[in-house]
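Enquirer: Sharing a structure here in structure tokens format.
Chains as they are written, first to last, in my numbering: chain C, 8 to 582; chain D, 8 to 582.
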């Protein structure tokens with residue numbers, strides 16, 4: 008491609024509404040343009056990278072035995088009503104009516120449609136397993152789209168859906184996809200981790216997120232230094248401590264303390280003069296309409312996702328003042344486990360506490376020297392707080408680290424959530440009707456482009472890995488006015504095309520400085536500089552964008568050198 | 008691909024709601040499934056063909072210098088208001104509001120979005136020409152979608168848009184696209200014609216449709232046997248006849264005839280006893296609020312598209328009884344050109360008529376022996392009727408033929424319709440601001456698949472051209488229970504994969520008859536039959552789907568034979 012002919016509008020200014028590097032650089036390099044909030048057009052340079060990502064994904068999906076299909080963007084409400092998500096999905100589901108006043112949505116995901124196809128076409132176990140995927144445009148009406156194509160409303164996604172006869176087969180399908188995802192992100196040249204994750208709105212039994220490590224990432228993760236445990240921060244487990252009961256003789260006598268208008272942990276700590284680690288916090292929730300008290304150490308917080316999952320709850324809210332009064336007999340701020348009139352669970356963090364402070368369930372009073380067993384019976388301990396520094400790995404007790412990342416993929420073991428709701432069944436070997444076991448597997452195609460840039464850029468611009476670069480090499484003719492020089496550049500360009508190298512020829516009538524700046528901004532891995540001095544010696548310069556290394560190469564060998572460098576880089580990534 | 012693993016649900020029954028062959032066969036061959044009215048999912052087999060079509064289009068677009076971009080499906084109302092189409096487009100434009108209550112539509116086409124991109128990024132003549140294309144999902148809320156993906160609401164389209172500095176350059180861009188389209192449809196193995204067409208709702212200066220000839224086609228066309236003239240029936244020109252004025256002495260005296268309640272041409276013809284070819288019909292229209300009388304020979308009809316284009320009219324309707332009374336002084340049925348109080352134009356068909364009958368502009372009266380010049384002055388003759396059998400070619404006076412076809416592509420010279428409305432301007436060589444000259448170019452990707460089937464099928468199923476076939480060869484193992492036989496089939500399959508041939512291996516435990524029927528239905532160009540008798544001789548059979556020809560080939564040469572046959576077929580299509 009000739010730069011002079013390409014729609015490739017670069018800018019020097021950093022766009023004021025772009026907060027993170029990838030958003031800024033994709034705008035500055037002329038890869039994308041905003042059409043509306045969270046809705047972007049891909050210009051030629053940007054779409055070249057998108058197509059490369061798509062091709063990597065397609066190759067790996069095909070290799071993993073998934074079959075490509077293409078489902079509509081416009082989906083009828085009936086299917087979503089059948090799955091129960093028409094009511095549950097909320098405002099992110101873009102709904103509309105057609106000219107005949109029928110309800111539809113712009114598909115944010117395709118569980119319903121694919122399940123409908125499969126239940127219609129598959130009757131027996133002999134037709135299973137199946138894994139169907141597509142690369143397709145989705146819309147989620149995010150309330151606050153931001154960061155360019157990182158969190159846009161319209162986006163390109165690869166989604167795959169597996170259907171299996173039983174749990175064992177479904178697990179195999181899950182693992183095959185898991186491995187395909189690892190290959191895909193590796194081929195995209197990214198540093199990533201697969202972490203255990205919550206199943207959220209999609210539902211299902213378990214799931215993993217693939218996070219590309221980047222400080223700007225919206226997701227936090229935890230991983231073990233010793234074993235391969237890694238999880239989304241929200242999901243990461245806290246290991247159950249060993250129970251170490253306090254001997255009776257060490258229990259001090261319970262003492263009620265007058266604590267007028269002293270309510271928060273900070274206030275209690277200051278007033279009584281004990282560290283928050285010596286206080287047990289009693290949080291009262293309304294869980295699906297029932298009141299539940301949850302105990303946690305004073306310096307910790309409850310992770311509501313964990314609590315919700317532990318209780319298998321549909322809805323979870325902090326209790327109202329009235330509800331608190333009902334179960335504690337006192338206003339907010341003085342709740343405690345002793346004599347509370349609702350069910351009780353405790354986080355592991357309180358398991359080995361002794362002589363601690365709790366609320367007295369009496370206005371303006373707390374209790375000192377409370378002890379488990381003697382004063383409070385705990386029906387169940389559970390992992391209900393978020394992991395923090397100093398915690399050990401729940402698998403191997405090794406040291407854990409924290410990092411931030413960008414979610415580029417997510418695999419879910421769905422189980423029978425959709426096959427139950429939509430009756431996707433088959434006849435097994437014995438002629439008995441069974442529900443298919445499903446999995447679903449998503450990759451944010453457009454987001455990979457942004458994540459790759461977050462992970463690999465410098466002050467001058469993008470630094471593409473070879474596999475995602477819109478062009479593999481850029482030929483910079485230092486002075487197009489110099490006939491000999493421009494002819495030499497043109498020749499190299501033609502040789503590269505013949506060699507099958509993806510080359511961009513900067514044939515513009517611009518100063519060399521402008522061209523170098525643009526080449527760096529675009530992030531093309533290799534740059535051939537054709538300048539008068541080197542040319543007189545029969546040479547050109549090849550510069551590596553990533554390292555800044557410059558090599559002088561004989562003119563006649565330039566195309567071959569580029570070809571073999573491209574091949575080598577590609578091999579390195581694949582290895 | 009192994010047939011046993013593929014989601015490839017074929018059916019024997021002809022689906023009752025599918026009227027035309029392509030719709031029936033795409034359903035029966037498991038290529039598509041309906042999700043909602045005019046909304047289809049592509050199953051793996053169908054999507055393979057779609058991808059082949061896309062790749063052919065992409066290669067030819069790139070070769071023609073167009074640059075691939077990707078624009079959103081969701082488009083903000085503001086741009087459509089700017090172009091004026093938000094109000095004009097009607098109910099085919101699917102409109103909706105997002106969660107913030109802003110107006111959007113699901114793009115049925117992308118003139119507005121691409122013009123917005125280009126006006127923002129292009130400032131000077133040095134950045135032109137540009138041709139931007141995309142392959143993308145569109146939605147048009149057709150009132151009566153039908154024929155499967157032939158006329159669906161959601162569909163895949165390639166749309167390209169060219170921007171040029173002047174008319175000459177724009178014409179060049181148009182021609183480059185025209186030639187690319189010819190290559191595309193040729194490579195798709197289709198018999199087609201490029202015909203002159205009306206610009207319709209898209210607007211602009213001129214256009215061509217690419218019609219694939221098929222009796223089931225919704226479009227009618229006319230083409231010359233002698234020269235290369237071809238046009239959409241609606242648009243096809245009637246050559247202006249030579250004027251051959253009637254000598255005064257041959258004009259008979261005008262005679263008013265009492266014709267009580269005799270109104271239609273048939274009634275007048277019967278009552279007076281003259282052929283309709285001796286009667287001039289006077290049709291009265293309301294054109295943008297003005298009344299216009301149009302004359303045409305009694306046996307002809309007015310082509311309203313031609314009339315509208317000739318008058319440059321926005322709206323055109325038959326006049327009301329009141330309007331007719333106002334300009335003729337009589338009720339409907341007795342209008343004539345003599346003394347009519349509105350503007351008058353005449354179709355060529357009356358140019359050389361003599362002593363004809365017309366309405367008298369008086370209730371229950373007609374006039375005999377009316378003559379042009381003496382009794383009626385015609386301010387303008389024009390081509391206002393549709394071509395019919397017996398007409399000659401407007402270019403060379405050669406014989407013309409009629410045919411039906413399916414529109415698979417459409418190229419438009421838009422001129423400045425959108426650049427004016429949206430102010431897409433640039434600075435020319437002299438620093439003067441000028442409007443860009445635009446062209447737009449569409450191909451119905453999903454429709455090509457259907458059109459190819461309409462053009463090439465038989466009673467047994469689809470007959471794919473090699474270039475669009477989802478697989479190039481199918482290997483039918485006659486009896487998978489026979490170990491030696493299934494092993495031989497498996498070997499050939501693996502050899503074909505190694506050779507890079509797209510092979511489907513029918514490894515199902517089905518009777519040979521079922522497999523043969525499915526192979527014919529799917530329309531795969533080549534079938535290798537591995538049967539016991541031939542195998543004992545060291546041979547297999549290769550059957551050509553199109554001709555039914557069967558050749559016996561040594562087992563060891565089968566893969567090589569297929570490889571070279573595929574190459575040869577591909578070459579033939581390209582030539």
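Glycine included, every Cβ here is placed at the ideal spot set by N, Cα and C. Since the model is a prediction, treat every value here as computed from it, not as a measurement.
1. Among the candidates C:374, C:22, C:494, C:30, whose CA atom is the shortest distance from the CA of residue 155 of chain C?
2. What is the DSSP secondary structure of residue 263 of chain D, reduced to helix, strand or coil?
3. Since residue 127 of chain C is in the beta strand (DSSP E), which residue starts that stretch and which ends it?
4. Quick one: residues in its chain with C-beta nearer than 8 Å to the C-beta of residue 42 of chain C, no 5 flanking neighbours on either side, listed in chain order?
5. Could you pull the start and end residues of the beta strand (DSSP E) that residue 143 of chain C belongs to?
6. Run through DSSP, which three-state label would residue 436 of chain C get?
7. What residues from chain C crowd round residue 317 of chain D, counting only those whose CB sits closer than 8 Å?
8. Where do the N-terminal and C-terminal ends of the alpha helix (DSSP H) with residue 541 of chain C fall, by residue?
9. What's the call for residue 373 of chain D, buried or exposed, on a 16-neighbour Cβ count within 10 Å?
10. Report the three-state DSSP secondary structure of residue 74 of chain D (helix, strand or coil).
11. Does chain C have any CB closer than 9 Å to the CB of residue 22 of chain D?
12. Taking the straight line between their C-alpha atoms, what separation do you get for residue 134 of chain C and residue 568 of chain D?
13. For chain C, is any of its Cβ atoms less than 9 Å away from the one on residue 1 of chain D?
14. In angstroms, rounded to a whole number, what distance separates the CA positions of residue 35 of chain C and residue 54 of chain C?
15. Cβ of residue 270 of chain D within 9 Å of Cβ of residue 283 of chain D?
16. From the DSSP output, in three-state form, read off residue 327 of chain D for me.
17. Distance check for residue 518 of chain D and residue 491 of chain D, CA to CA, integer angstroms please.
18. Could you list which residues in chain C have their beta carbon closer than 7 Å to that of residue 144 of chain D, in chain order?
19. Can you name the residues of chain D whose CB is closer than 7 Å to the CB of residue 13 of chain C?
20. In terms of residues, what are the limits of the beta strand (DSSP E) holding residue 546 of chain D?
21. Apart from the five residues just before and just after residue 97 of chain C, which ones in its own chain have a Cβ nearer than 7 Å to its Cβ?
22. In the DSSP output, what is residue 161 of chain C paired with across the bridge?
23. From residue 341 of chain C to residue 244 of chain C, what distance separates their C-alpha atoms?
24. Can you list, in chain order, the residues of its chain whose CB lies under 8 Å from that of residue 260 of chain C, leaving out five sequence neighbours each side?
25. For the candidate residues D:508, D:410, D:389, D:495, whose alpha-carbon lies nearest to that of residue 514 of chain D?
26. Please identify, using Cβ separations under 9 Å, the residues of the stretch 50 to 63 of chain D that lie next to chain C, in order along the chain.
27. Would you grab the beta carbon distance between residue 219 of chain D and residue 413 of chain D for me? Rounded to a whole angstrom, and I think it's under 8 Å.
28. Tell whether a beta-carbon distance below 9 Å holds between residue 227 of chain D and residue 240 of chain D.
29. Go through its chain and collect everything with a Cβ distance to residue 573 of chain D's Cβ below 7 Å, but skip five positions before and after it.
30. Could you tell me whether the Cβ atoms of residue 362 of chain D and residue 465 of chain D are closer together than 9 Å?
31. Taking just the CA atoms, how far does residue 423 of chain D sit from residue 248 of chain D?
32. Rounded to a whole number of angstroms, what is the C-alpha to C-alpha distance between residue 164 of chain D and residue 101 of chain C?
33. What is the DSSP secondary structure of residue 407 of chain C, counted as helix, strand or coil?
34. Residue 128 of chain D versus chain C: which residues are under 7 Å apart at the beta carbon?
35. Can you give the beta carbon distance from residue 118 of chain C to residue 51 of chain D, rounded, assuming they're within the 8 Å contact cut?
36. Return helix, strand or coil for residue 101 of chain D, following the three-state DSSP convention.
Expert: Looking at the atomic coordinates:
1. C:30
2. strand
3. Premise fails: residue 127 of chain C lies in the alpha helix (DSSP H), 118 to 128, not in any beta strand (DSSP E).
4. 48
5. 137 to 146
6. coil
7. Those within 8 Å of residue 317 of chain D in chain C number zero; the least Cβ separation is about 32 Å.
8. 539 to 543
9. buried
10. strand
11. Chain C contact via Cβ: absent.
12. 32 Å
13. Residue 1 of chain D is absent from the model: chain D starts at 8 and stops at 582.
14. 15 Å
15. Not a contact, by the Cβ cut-off of 9 Å.
16. coil
17. 17 Å
18. Listed along chain C are 80, 144, each with a C-beta nearer than 7 Å to that of residue 144 of chain D.
19. The answer, in chain order, is 74.
20. Per DSSP, residue 546 of chain D belongs to the beta strand (DSSP E) from 546 to 551.
21. none
22. C:146
23. In this model, residue 341 of chain C and residue 244 of chain C are separated by some 30 Å (Cα to Cα).
24. 376
25. D:495
26. The residues in question are 50, 51, 53, 54, 55, 57, 58.
27. Cβ-Cβ separation between residue 219 of chain D and residue 413 of chain D: approximately 5 Å, consistent with a contact (criterion under 8 Å).
28. yes
29. 473, 479, 508
30. no
31. If I take the Cα positions, the gap works out to 34 Å.
32. Distance between the alpha carbons of residue 164 of chain D and residue 101 of chain C: 23 Å.
33. strand
34. 14, 16
35. 19 Å between Cβ atoms; not a contact.
36. Assigned with DSSP and collapsed to three states, residue 101 of chain D falls in strand.
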